[in-house]
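Worksheet: the structure to be examined is printed underneath.
Put into C-alpha cells, the structure is as follows:
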C-alpha cells in the first residue's frame with residue numbers, strides 16, 4: 852500500500868518537489884545546505900541576502916480524520932485505497948508533541 856500511495860503522490864505531483872523533510876532521499880539538511888550556499892554566494896557577489904524564518908509548529912496540530920479522508924478523496928485517492936485508510940483512522944486518537952530546546 853505504501854508503494855502504491857507513494858507512486859500516486861509522485862505521479863500527480865501532490866507533494867511539492869521543494870519539500871525536503873519526510874521525503875526519502877531529501878533530508879531537511881540538504882535544503883539548509885542549499886540555503887546556506889545561496890547566502891554565501893550573495894555575500895561573495897556583494898548582494899543583499901534576506902532570510903525569513905517562520906514557526907510552523909501549529910502546522911503539526913492533529914488533523915480531523917473526516918477532513919483528512921475528504922481531502923484524500925479530492926486529491927484522487929478513491930475506492931479500495933481510500934476505504935483501506937478508513938478503519939485505520941476510525942476511533943483513533945492522535946497527539947503531537949513538540950519539544951523546544953535552546954542551547955547557548
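Residue numbers (this note's numbering): 852 to 955. Where a beta carbon is used, it is the ideal one built from N, C-alpha and C, also for glycine. Values in this document were obtained by computation on a predicted structure and should not be read as measured data.
Counting only residues of its own chain and dropping the five nearest sequence neighbours on each side, residue 920 has a CB closer than 8 Å to the CB of 933, 936, 937 and 940. Counted as a single uninterrupted DSSP element, the alpha helix (DSSP H) harbouring residue 858 occupies residues 853-862. In terms of CA proximity to residue 926, 863 leads the group 855, 863, 857 and 854. Taking 9 Å as the cut-off, the beta carbon of residue 893 is found no closer than this to the beta carbon of residue 884. Residue 881 sits close to residue 871, with the two beta carbons spaced by under 9 Å. Residue 928 is not a Cβ neighbour of residue 857, given a cutoff of 9 Å. Comparing alpha carbon positions, the residue from 896, 890 and 859 closest to residue 903 is 890.
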